[in-house]
Structures are given as C-alpha cells and as structure tokens.
Amino acid sequence: MVYREKFSDEMARLYESVLTLGEECYERLTGCTAILSSDDTADARLLVSDDKRINRLEEEINNQAINLITTQQPVATDLRLIISSIKVADDLERISDNISNLGEVRKRVRITNEKLLLRLSTMEHLAMLMLEDVKTAYDNKDLELCKEIIMRDEDIDGLFVQITTSDIFDETDAFITGQSQLCAKYLERIGDHIKNIAEHVYYVLTGDKHESRNISE
1 MVYREKFSDE
11 MARLYESVLT
21 LGEECYERLT
31 GCTAILSSDD
41 TADARLLVSD
51 DKRINRLEEE
61 INNQAINLIT
71 TQQPVATDLR
81 LIISSIKVAD
91 DLERISDNIS
101 NLGEVRKRVR
111 ITNEKLLLRL
121 STMEHLAMLM
131 LEDVKTAYDN
141 KDLELCKEII
151 MRDEDIDGLF
161 VQITTSDIFD
171 ETDAFITGQS
181 QLCAKYLERI
191 GDHIKNIAEH
201 VYYVLTGDKH
211 ESRNISE
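Mapping the sequence shown onto UniProt numbering, position 70 (from 1) lands on 70, and the numbers just tick up by one.
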C-alpha cells in the first residue's frame, strides 16, 4: 500500500511538472507577435533568454519520467502516460523554441505591415486556444475535443498559406519580407506541435494512436 501511494504521488508530480511547463509556454505565447512591431528589442531579448528556463523544466520532466520507469516498474497504462509525458514535454519545448525564434526576428527587423501583423496575431490567438483546450480535453477525458483540436490546426495552416502566397506584403525590402514569412512559419510549427500534444492526449486516453501523422519539426 505504501509503495502504491509513493508511486501515485510521483505520477501526480510528473503531471504537475508537465502542467507547469504547459502554463509557462502558454504565458510565453501570449503576446509574442506584438513584440514584432515593438519600438525596441528589450521584450524580444527577454523572450529569447527566457527559453533557457523552459529547457530546464523539460529536462526535469525527462528525469522524473526516467526515474519512474527504472525504479517503479509501471504497468502498461501508467507507462503509456509516462512516455506520453516525455513526448508532450518535447513538443512544449519546441513550441518555446519557435517563440524564441520570433524574438530573434524582432532583434533583426521591425515589422510594421498591419495586415501581416493582424494575421500573425490571429495565428497566435488560435494556437493559444488550442493549447488551453488540450488541458481541458485531458482533464475531462474529452476525445471529441481532442479530435477538434487536431482539426483546428488546419486554420493555422490556412493562415500560413495565406501569408506566404498573398500580396499583403508592401515591403520592397526582400529581407524584411523573408523575415516576415519566417514568423508565419514559426507560428505554423507551433500549431503543429499543439496538434501533436492533442494526439498524445488521445493516445493516453484510448491506448490507440490518432490516425493523423505527427509533426516532429
């Protein structure tokens, strides 16, 4: 009985660690496109440097998961949750990397195209809603919400295509145009990773992989 209580406590701590990492990434995602038009680069530099904290949190989760596997000999259901926690942490860390990449863009250029900024901020908002709903889907064991989140990634993909193929750019500077398209790509990748997380949650809840392909960029 004591052994099982200890294992349950450690599993609960693992969940809380992943939840903390998700909340930190959500906070970093909030307003990340606004810095692209900021008058100075202070916020952009902070966004980039703060990624180190996310890396440490991911490393802690990996260590917790490995310790559980090697010392507790979890059964199949628990092992599925532990392995998925590692994968979710990896996707969250990659989300943070792409947020940092937006900061790196602002360190190089300032984007002022209002049409572009509106589309980028919409991509950010859609990603935030997806990330928030992933937690809800897990807590409520809501498979339909998982499937919906996976499908909603197409909305972000659609905006990415719109940005990179439309004539919204009024810049004559090819470098600024290229940097602007990179921002759209980073946000598109963030959507892909949140989609991955929803697929991991689906796997934890059902034991089956969702039919769509995971993105590992």
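Every residue gets a Cβ at the ideal spot worked out from N, C-alpha and C, and that includes glycine.
query = Of the choices LEU118, CYS146 and LEU102, whose alpha-carbon is the least far from that of GLY178?
reply = Looking up residue 178 in the sequence shown gives position 178. Taking only the C-alpha atoms, the option nearest GLY178 is LEU102.
ask   = Considering only the beta carbon of each residue, do ASP153 and MET130 sit closer than 9 Å?
value = Counted from its first residue, the sequence shown places residue 153 at position 153. Counted from its first residue, the sequence shown places residue 130 at position 130. Taking 9 Å as the cut-off, the Cβ atoms of ASP153 and MET130 count as close.
ask   = Whose C-beta lies closer than 7 Å to the C-beta of THR112 among residues of the same chain, with five residues either side of it excluded?
value = Working through the sequence shown from its first residue, we reach residue 112 at position 112. For THR112, same chain residues with a beta-carbon under 7 Å away, outside a window of 5 residues either side, are SER37 in chain order.
key: Cα-Cα separation between GLU217 and ASP90, rounded to whole angstroms   = Sequence index remark: in the sequence shown, residue 217 carries index 217 (1-based). Sequence index remark: in the sequence shown, residue 90 carries index 90 (1-based). The predicted position of GLU217 is uncertain, since its pLDDT is 44 and thus under 50; a value taken from the coordinates is nonetheless stated next. Cα to Cα, GLU217 sits roughly 11 Å from ASP90.
task = Use the C-beta contact count for ASN140: other C-beta atoms within 10 angstroms, 16 or more gives buried, fewer gives exposed.
result = One-based indexing of the sequence shown puts residue 140 at position 140. Exposed: under 16 other Cβ atoms inside 10 Å.
query = Do you know offhand how far LEU117's Cα is from ASP78's?
reply = On the sequence shown, position 117 is the one that residue 117 refers to. On the sequence shown, position 78 is the one that residue 78 refers to. Cα to Cα, the separation comes out at about 43 Å.
key: Sequence-distant residues of its chain with Cβ nearer than 7 Å to VAL201 (five each side left out)   = Working through the sequence shown from its first residue, we reach residue 201 at position 201. Residues VAL134, ALA137, TYR138 and CYS146 of the same chain have their beta carbon placed closer than 7 Å to that of VAL201, with the five preceding and five following residues left out of the count.
key: Pairwise C-alpha distance: LEU19 and GLU5   = In the sequence shown, the residue the question calls residue 5 occupies position 5. In the sequence shown, the residue the question calls residue 19 occupies position 19. In this structure, the CA atom of GLU5 is about 21 Å from the CA atom of LEU19.
Touching by the beta-carbon criterion (3+ pairs, under 8 Å), the stretch 81-95 and the stretch 55-65 = The stretch 81-95 and the stretch 55-65 touch, with no fewer than 3 CB-CB distances between them shorter than 8 Å.
ask   = Quick one: what does DSSP say THR177 is sitting in, helix, strand or coil?
value = The residue you call residue 177 lines up with position 177 of the sequence shown. Assignment of THR177 by DSSP, reduced to helix, strand and coil, places it in the helix class.
request  = Grab the span of the alpha helix (DSSP H) containing VAL48 for me, first residue to last.
outcome  = Counting from 1 along the sequence shown, the entry for residue 48 is found at position 48. That run of the alpha helix (DSSP H) goes 42-49.
inquiry  = Checking 9 Å against the spacing of the C-beta atoms, do ILE54 and ARG28 come in under that value?
reply    = Here the question's residue 54 lines up with position 54 in the sequence shown. Here the question's residue 28 lines up with position 28 in the sequence shown. For ILE54 and ARG28, yes; Cβs fall inside 9 Å.
key: beta strand (DSSP E) runs contained entirely in the UniProt domain "PhoU" (121-201), provided each spans 3 or more residues   = Runs of the beta strand (DSSP E) inside the UniProt domain "PhoU" (121-201): none found.
message = Counting C-beta neighbours from all protein chains within 10 Å, is the total for GLN73 16 or more, i.e. buried, or is it exposed?
response = To locate residue 73, count along the sequence shown from 1; it is residue 73. Taking all protein chains in view, the Cβ of GLN73 is surrounded by fewer than 16 other Cβ atoms within 10 Å, so the residue is classified as exposed.
message = Spatial neighbours of ARG108 within its chain, please: C-beta separation below 8 Å, excluding the five flanking residues on both sides.
response = Stepping through the sequence shown from its first residue, residue 108 is reached at position 108. Within the same chain, ARG108 has close Cβ partners GLN179.
ask   = Which runs of the alpha helix (DSSP H), 4 residues or longer, sit entirely within the UniProt domain "PhoU" (20-104)?
value = You should have 42-49 and 51-72.
inquiry  = I need the straight-line Cα distance from ALA184 to PHE7, nearest angstrom please.
reply    = As a position in the sequence shown, residue 184 is number 184, starting the count at 1. As a position in the sequence shown, residue 7 is number 7, starting the count at 1. Each residue's alpha carbon lies about 43 Å from the other.
message = Since MET123 and LEU159 should fall inside the 8 Å C-beta cutoff, what is the C-beta to C-beta distance between them, to a whole number of angstroms?
response = For the purposes of this step, residue 123 is taken as residue 123 along the sequence shown, with counting starting at 1. For the purposes of this step, residue 159 is taken as residue 159 along the sequence shown, with counting starting at 1. The C-beta distance from MET123 to LEU159 rounds to 5 Å, short enough to meet the 8 Å contact threshold.
ask   = According to the neighbour-count rule (16 or more other Cβ atoms, all chains shown, within 10 Å of its Cβ), is ASN196 buried or exposed?
value = Numbered from 1 along the sequence shown, position 196 holds the residue referred to as residue 196. By the neighbour-count rule (16 or more Cβ atoms within 10 Å), ASN196 is buried.
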